[in-house]
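To convert, count from 1 in the sequence shown and add 6; that's the numbering used here. All C-beta atoms in this analysis are idealised placements derived from N, C-alpha and C, irrespective of residue type, glycine included. None of these values were measured; they are calculated from a predicted model.
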Amino acid sequence: MAYDVKVASAEGNPGSDLETTLDDAGLKNPFVREYVRRWAEHTGASRVEVIGAADDARLIRESLAAGEILPAGEGRYYARSYAKDTARSEERTIVATANPADKGVYNNWHSSATMRPLVEKLMRGASAGKTMYVIPYLMAPAGSPLEPYAAGVELTDHRTVALHMIRMARVGVEHVNNLADPDKFVRGVHVTGDLENLGQGTPEDKRYFVTLADERTILHFGSSYGGNALLGKIAHGLRQAAYDGWASGEFLAEQFMLIGITDKQTGRTWHICGGFPSASGKTNLAMMLAPDSLGDRYHVSFYGDDIAWLRVDPEDGKIYAINPENGVFGVAKDTNEVTNPTALGSVAVGTGVLFTNVAYNEQTRDVWWEGRTPEPPADLGGWRDWTGKLISERSGDEVGKPWAHPNSRFTTTLANVPNIAADYESGQGVPIDAIIFGGRTRDREPLIRAMTDLAEGVYDGLTLGAEATFAAEGVDGQLRYDPMSMRPFMSYPEGAYAEHWLRIIGAAADEPIFAHVNWFQRDPDDGHFLWPGYRDNLRPLLWLLQLKDGEVRGRQTPVGIVPTQEELDLAGCGVRPEDLAKLLSIDAARWRQEMAHREELLAQFDGLPDAIWAAHRRVAAALDAEAE
Ligand code: GTP
Ligand code: SPV
Ligand code: MN
Numbered sequence: 007m008a009y010d011v012k013v014a015s016a017e018g019n020p021g022s023d024l025e026t027t028l029d030d031a032g033l034k035n036p037f038v039r040e041y042v043r044r045w046a047e048h049t050g051a052s053r054v055e056v057i058g059a060a061d062d063a064r065l066i067r068e069s070l071a072a073g074e075i076l077p078a079g080e081g082r083y084y085a086r087s088y089a090k091d092t093a094r095s096e097e098r099t100i101v102a103t104a105n106p107a108d109k110g111v112y113n114n115w116h117s118s119a120t121m122r123p124l125v126e127k128l129m130r131g132a133s134a135g136k137t138m139y140v141i142p143y144l145m146a147p148a149g150s151p152l153e154p155y156a157a158g159v160e161l162t163d164h165r166t167v168a169l170h171m172i173r174m175a176r177v178g179v180e181h182v183n184n185l186a187d188p189d190k191f192v193r194g195v196h197v198t199g200d201l202e203n204l205g206q207g208t209p210e211d212k213r214y215f216v217t218l219a220d221e222r223t224i225l226h227f228g229s230s231y232g233g234n235a236l237l238g239k240i241a242h243g244l245r246q247a248a249y250d251g252w253a254s255g256e257f258l259a260e261q262f263m264l265i266g267i268t269d270k271q272t273g274r275t276w277h278i279c280g281g282f283p284s285a286s287g288k289t290n291l292a293m294m295l296a297p298d299s300l301g302d303r304y305h306v307s308f309y310g311d312d313i314a315w316l317r318v319d320p321e322d323g324k325i326y327a328i329n330p331e332n333g334v335f336g337v338a339k340d341t342n343e344v345t346n347p348t349a350l351g352s353v354a355v356g357t358g359v360l361f362t363n364v365a366y367n368e369q370t371r372d373v374w375w376e377g378r379t380p381e382p383p384a385d386l387g388g389w390r391d392w393t394g395k396l397i398s399e400r401s402g403d404e405v406g407k408p409w410a411h412p413n414s415r416f417t418t419t420l421a422n423v424p425n426i427a428a429d430y431e432s433g434q435g436v437p438i439d440a441i442i443f444g445g446r447t448r449d450r451e452p453l454i455r456a457m458t459d460l461a462e463g464v465y466d467g468l469t470l471g472a473e474a475t476f477a478a479e480g481v482d483g484q485l486r487y488d489p490m491s492m493r494p495f496m497s498y499p500e501g502a503y504a505e506h507w508l509r510i511i512g513a514a515a516d517e518p519i520f521a522h523v524n525w526f527q528r529d530p531d532d533g534h535f536l537w538p539g540y541r542d543n544l545r546p547l548l549w550l551l552q553l554k555d556g557e558v559r560g561r562q563t564p565v566g567i568v569p570t571q572e573e574l575d576l577a578g579c580g581v582r583p584e585d586l587a588k589l590l591s592i593d594a595a596r597w598r599q600e601m602a603h604r605e606e607l608l609a610q611f612d613g614l615p616d617a618i619w620a621a622h623r624r625v626a627a628a629l630d631a632e633a634e
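Following this line, the structure appears as structure tokens:
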């Protein structure tokens, strides 16, 4: 239901149509209404529309009619973004508060007194002539004890962003009408801006992605892509929620996948959550099918692939995790029947999936991306690359270029995921047995190493070093530290972050086991991956759970417990024996070099708890002892 708004018009009677729109939409919360009113005026939007999940079919029809999305088969859709707007921009992402003590190494802190007026100025009048979609949402399954932190309202001037939000979050006025504290919701304003004149990547860059964390306000200007524009996801679900979890002392918000592993013989289910940096395999792991040789016995169920909120339940002292999202915004590249058949199922006919920046065939309405099949389609007829250029008209050095953007993605709701857990909508969440960290690391990091000590586990997360990926602009392949896989999403200082972790997880009666995993070790000579990965990743995880239960003992090394070859169930696994030996070995000399870098990293973090330094020194001393 939408009406034209005559906000502050010369004709007088400002905003009367807006009130009718909000009434008709059933939006009752007076604080939300006031917020909508204020920003409709400020951005100069000419229409306001309040949407809920039930509006999806109509919005899809309108978007198709307007040519903003294209049909990609029955109940499948396709969109292209502006060519300079294809990934998160880490340099333009800012956390702002009133307190300079909130400045950390990675959160790109600025004063809110500076940032708010700056972004507000850019947003003034910037939605003129457009519709402002009001998207009330909840970042939690209903009934979660963390619900008080989960309500939000995104205002966006981009219809495709509204379609994404409907897939990624629980959307509708019911999520904000009856809040215990009606003023407690995250205020997220997304203004696209004039994408062709924002100077992306130049010194005159006008994009600002700002989370005013102590005001629970998110102001994003200058993009319509992914986390830059879907504000429920990483801006609220990670940055804001991490800040709230710390400020309240109640919970952790992490870039974690969340899975269940069921032993069908005994009926027992374990839950594992864990962080890998963007585009490093969280979606794949969460959608994992057990390898054929283990499929009769084990089943992996999907809870979440990008965000988990963790708290300790005072009743039983266990750590519980929820996935606050309602959808998947997954990397398309290399997704195929072998690597991730589950992902293909979740984007099948009738799912309502929205593809972004893959290649598109305007005749057959088919989509394709690198790794979808070993070779691109042989018949070039109708195929256009992610920029919209006909493949058949490519010339010269364009010929070898990817058809799809490396950060092209699919957006689909959780209910479409074939291995979705039966209880994925449980507000209570699921009890956590193990927490893992990982990332793309071409050497040094073994397949898996386990840690039973909390401080060592947190230390391991803080010193996570991995290769950057195409999920952010311009940094693919570069080795860098990515504490807790939260580097782009950090909202408060690292020392406090470590302390908060020790306090929250330390309060659990039943502490999880920690592990560092690496699916990406490569042969230094020919570059092949030493570990087959994907479905086989279940094998080291099963070992970890057995270790926790005391069924295997592993081999203690200075950096944790590593499986022996015999302990890993490798039936039907294609790993080469010489590669396996390498995957399970620790190169102490190489690790000692790493320790010096870690020391420099940790020294930057003010107020790092003594327990973390002690863990660092224990590992360093053990490596020194081994080298002697
Ligand atoms: P974000 O959504 O950006 O946070 O990323 P993500 O961690 O969910 O990434 P995703 O699971 O989508 O993985 C991205 C890429 O990693 C894809 O190109 C996968 O093919 C590749 N990948 C995932 N698992 C493995 C693995 O076990 N081995 C290898 N070699 N590649 C993998
Ligand atoms: C990531 O980059 O880690 C994502 C995608 O999960 S985005 O929502 O764009 O941040
Ligand atoms: Mn992510």
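Asked: In this structure, how does DSSP classify Tyr143 when only helix, strand and coil are distinguished?; Found: strand
Asked: Does ligand 1 have even one heavy atom less than 8 Å from the beta-carbon of Trp525?; Found: yes
Asked: I want to know whether the region 233-240 touches the region 160-169 - three or more CB-CB distances under 8 Å.; Found: yes
Asked: Just the Cα atoms here: how many angstroms apart are Arg598 and Pro330?; Found: 39 Å
Asked: Within a Cβ cutoff of 7 Å, which residues of the same chain sit near Ser15, ignoring the five residues on either side of it in sequence?; Found: Low confidence applies to Ser15: its pLDDT is 36, below 50, so where it sits in the model is not reliable enough to give any reading.
Asked: What are the partner residues of Tyr487, as DSSP defines its beta bridges?; Found: Gly471
Asked: Residues around ligand 2, please: the ones whose beta-carbon is closer than 6 Å to some heavy atom of it, in chain order.; Found: Arg94, Gly232, Gly233, Lys239, Ile240, Ser284, Asp312, Phe335, Ala477
Asked: Which ranges does the beta strand (DSSP E) cover as unbroken runs of at least 3 residues, wholly within the region 45-95, from first to last along the chain?; Found: 53-56, 82-85
Asked: At a cut-off of 8 Å, is Gln261 close to ligand 3 when judged by its beta-carbon and the heavy atoms of the ligand?; Found: yes
Asked: With respect to 8 Å, is the separation between the Cβ of Lys407 and the closest non-hydrogen atom of ligand 3 below this value?; Found: no
Asked: At a cut-off of 8 Å, would you count Asp466 as near ligand 1, judging by its Cβ distance to the nearest heavy atom?; Found: no
Asked: Whether or not the region 437-457 and the region 192-212 are in contact is what I'm after, with contact meaning three or more pairs of Cβ atoms, one per stretch, closer than 8 Å; do they touch?; Found: no
Asked: My parser needs the alpha helix (DSSP H) runs of 4 or more residues fully inside the region 243-313; what are they?; Found: 247-254, 288-292
Asked: Flag this pair as touching only if the region 463-480 and the region 88-103 have three or more C-beta atom pairs under 8 Å; answer yes or no.; Found: yes
Asked: Residues in the same chain with beta-carbon distance under 7 Å from Gly58, minus the five sequence neighbours each way, listed in chain order, please.; Found: Val177, Gly178, Val179
Asked: List the residues that DSSP assigns as beta-bridge partners of Arg596.; Found: Per DSSP, none; premise fails for Arg596.
Asked: Going by CA-CA distance only, name the one from Asn114, Leu470, Ile519 that's closest to Thr99.; Found: Asn114
Asked: Check whether the region 541-553 and the region 289-305 are in contact - that is, three or more C-beta pairs closer than 8 Å.; Found: yes
Asked: With respect to 8 Å, is the separation between the Cβ of Lys288 and the closest non-hydrogen atom of ligand 3 below this value?; Found: yes
Asked: Taking 8 Å as the cut-off, is the CB of Val337 close to at least one heavy atom of ligand 1?; Found: yes
Asked: Let me check understanding here. Comparing Cα to Cα, which of Arg130, Thr289, Leu169, Phe416 lies closest to Gly228?; Found: Arg130
Asked: Would you say Ala357 and Gly81 are within 9 Å of each other, going by their C-beta atoms?; Found: First, the residue type needs correcting, since residue 357 is Thr and not Ala in the sequence shown. Result yes, Cβ atoms of Thr357 and Gly81 sit closer than 9 Å.
Asked: Leaving out the 5 sequence neighbours to the left and right, which residues in its chain are closer than 6 Å to Lys554 when beta-carbon positions are compared?; Found: Ile519
Asked: Measuring alpha carbon to alpha carbon, tell me which residue in Gly613, Gly323, Pro188, Val111 is nearest Ala514.; Found: Gly323
Asked: Suppose the cutoff is 7 Å on Cβ atoms and the five residues either side in sequence are ignored; what does the same chain contact list for Leu586 look like?; Found: Gln571
Asked: Per DSSP, Leu396 forms a beta bridge with which residues?; Found: Arg390
Asked: Quick one: grab the DSSP three-state call for Leu128.; Found: helix
Asked: Determine the burial state of Val405: buried for a count of at least 16 other Cβ atoms within 10 Å of its Cβ, exposed for fewer.; Found: exposed
Asked: Looking at the secondary structure, which residues open and close the alpha helix (DSSP H) in which Met457 lies?; Found: Careful: Met457 lies outside any alpha helix (DSSP H), inside the beta strand (DSSP E) at 454-457.
Asked: Gln562 bridges to which residues according to DSSP?; Found: Ile567
Asked: If you run the structure through DSSP and keep just helix, strand and coil, what is Val344?; Found: coil
Asked: Taking just the CA atoms, how far does Tyr155 sit from Ala186?; Found: 11 Å
Asked: Taking just the CA atoms, how far does Ser52 sit from Lys136?; Found: 6 Å
Asked: May I have the straight-line CA-CA distance separating Glu47 from Leu396, to the nearest angstrom?; Found: 42 Å
Asked: Using the C-alpha atoms, what's the distance from Lys212 back to Leu264?; Found: 36 Å
Asked: Can you name the start and end residues of the alpha helix (DSSP H) that Glu517 belongs to?; Found: Counting along the chain, Glu517 falls outside any alpha helix (DSSP H), and DSSP gives it neither H nor E.
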